[in-house]
Amino acid sequence: MRKVYSRPKSLKRNPFHYCPGCGHSIIHRLIAEVIDEMNLRDIVVGIPPPGCSVFAHHYFDIDMAESAHGREAAVATGIKRTDPEVIVFTYQGDGDLAAIGTAETIHAANRGERITSIFVNNAVYGMTGGQMAPTTLSGQKTTTTPYGRDVSLEGYPIKMSEMLALARGAVYIERTAVSSPANIRKTKKAIRKAFQAQIDGLGYSLVEILSACPTNWRMSPLESWQWIEKVMTKEFPLGVIKDATGASDAN
216 MRKVYSRPKS LKRNPFHYCP GCGHSIIHRL IAEVIDEMNL RDIVVGIPPP GCSVFAHHYF
276 DIDMAESAHG REAAVATGIK RTDPEVIVFT YQGDGDLAAI GTAETIHAAN RGERITSIFV
336 NNAVYGMTGG QMAPTTLSGQ KTTTTPYGRD VSLEGYPIKM SEMLALARGA VYIERTAVSS
396 PANIRKTKKA IRKAFQAQID GLGYSLVEIL SACPTNWRMS PLESWQWIEK VMTKEFPLGV
456 IKDATGASDA N
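Residue 280 in this note's numbering sits at position 65 of the sequence shown; the count goes up by one each step and never skips.
Okay, here's the thing in structure tokens:
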């Protein structure tokens, strides 16, 4: 029998601690597959955040450097400028990149830092108890918005990808999801293109990935993936938001 599916070399043989239905494990695998396929394992450095993925170094078999909450872009910038040959990516959630790390992220993109950000958007603070995040949808219930997010009080969901696309130093930004096999394939393709933009020295790249948080959404895994498709994508449409790489999709 021919073996068609194997563990990426860039993933350790450790069981994930994530909740059932969480998208982090899928995204970890996609990143590891891209690293292996692009032969980056010996030169790549990942910067995980405090949050649900704080233990990402237990899973990725590559060099990792922890960052203070929200400061991943700053840490990645320092590593990249110290050793421009290293491929650096940040791995951040919406409470990290879109809240406490907003300034670091926007300025890194504006400067055109040659780094890549993987932005996991599940519209809620996952690790700390399900509070409202900057990306929480209008009307969405969380532990701090039990009657639903009221835009007259809490404002509107922040669309980080659209904001970052305005930065002249940002060269590639795409929003994807891991809510279906087709979207998972598109996500992997986007991650690869973002890494390629960094390899080519073009500027800042980011892939926003819509992911589920069944535990804090109070849904089953299946319901949460359906909610992404039916509800979340209306607020956060999937697709390429900015592509100044000059490369075709075939690349």
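Glycine included, every Cβ here is placed at the ideal spot set by N, Cα and C. This structure is a prediction, so every number in the text was calculated from the model and none was measured.
What does the alpha-carbon distance come out to for the pair residue i and residue j?
{"i": "ASN466", "j": "ASP251", "result": "Its pLDDT being 47, under 50, ASN466 is placed unreliably by the model, and the measurement read from it follows with that caveat. Cα to Cα, the separation comes out at about 17 Å."}
{"i": "VAL339", "j": "CYS267", "result": "11 Å"}
{"i": "ARG383", "j": "GLY327", "result": "7 Å"}
{"i": "TYR419", "j": "MET216", "result": "43 Å"}
{"i": "GLY187", "j": "ASP365", "result": "Any question about residue 187 goes unanswered here, given that the chain covers just 216 to 466."}
{"i": "ALA314", "j": "GLU450", "result": "18 Å"}
{"i": "GLN307", "j": "TYR362", "result": "27 Å"}
{"i": "GLN411", "j": "GLN441", "result": "31 Å"}
{"i": "TYR371", "j": "PHE270", "result": "31 Å"}
{"i": "GLU389", "j": "VAL455", "result": "4 Å"}
Are the CB atoms of residue j and residue i within a distance shorter than 7 Å?
{"i": "SER376", "j": "ILE443", "result": "no"}
{"i": "ALA283", "j": "ILE262", "result": "no"}
{"i": "THR331", "j": "MET347", "result": "no"}
{"i": "ILE333", "j": "VAL422", "result": "yes"}
{"i": "GLU287", "j": "PRO264", "result": "yes"}
{"i": "ILE424", "j": "THR391", "result": "yes"}
Nearest CA to the CA of residue i: which residue from the options?
{"i": "ARG433", "options": "TYR220, CYS237, VAL219", "result": "CYS237"}
{"i": "SER221", "options": "GLU248, ILE242, PHE231", "result": "GLU248"}
{"i": "PRO349", "options": "HIS322, THR331, THR317", "result": "THR317"}
{"i": "ILE258", "options": "ALA288, PRO299, GLY354", "result": "PRO299"}
{"i": "ALA289", "options": "VAL455, HIS272, LYS449, LEU312", "result": "LEU312"}
{"i": "VAL335", "options": "ALA385, PHE304, ASP415", "result": "PHE304"}
{"i": "THR292", "options": "VAL269, GLY308, THR320", "result": "THR320"}
{"i": "ASN337", "options": "THR448, VAL455, GLN411, GLY461", "result": "THR448"}
Whose C-beta lies closer than 6 Å to the C-beta of residue i among residues of the same chain, with five residues either side of it excluded?
{"i": "PRO429", "result": "GLY236, PRO436, SER439"}
{"i": "GLY310", "result": "TYR340, ALA348"}
Terminal residues of the continuous alpha helix (DSSP H) containing residue i?
{"i": "ILE294", "result": "287-297"}
{"i": "LYS401", "result": "396-414"}
{"i": "ARG390", "result": "Per DSSP, ARG390 belongs to no alpha helix (DSSP H); it is in the beta strand (DSSP E), 385-392."}
{"i": "LEU368", "result": "366-369"}
{"i": "SER240", "result": "239-252"}
So residue i is in the beta strand (DSSP E); what residue range does that whole segment cover?
{"i": "GLU319", "result": "That residue, GLU319, is in no beta strand (DSSP E); its alpha helix (DSSP H) goes 317-326."}
{"i": "GLU444", "result": "Unbroken run through GLU444: none, as it is neither H nor E."}
Leaving out five residues before and five after residue i in sequence, what residues of the same chain have Cβ atoms less than 7 Å from its Cβ?
{"i": "TYR274", "result": "LEU226, LYS227, ASN229, PHE231, HIS243"}
{"i": "ASN431", "result": "VAL339, GLY341, GLY345"}
{"i": "ASP458", "result": "TYR387"}
{"i": "ARG175", "result": "Residue 175 lies beyond the range of the chain shown here (216 to 466); nothing can be said about it."}
{"i": "LYS295", "result": "VAL301, VAL303, GLU328, ARG329, ILE330"}
{"i": "GLU369", "result": "MET347, THR360"}
{"i": "GLN413", "result": "ILE302, ARG329, ILE330, THR331, SER420"}
Using C-beta distances below 8 Å, list every residue in its chain close to residue i, excluding the 5 sequence neighbours before and after it, in chain order.
{"i": "ALA397", "result": "none"}
{"i": "VAL446", "result": "LEU352"}
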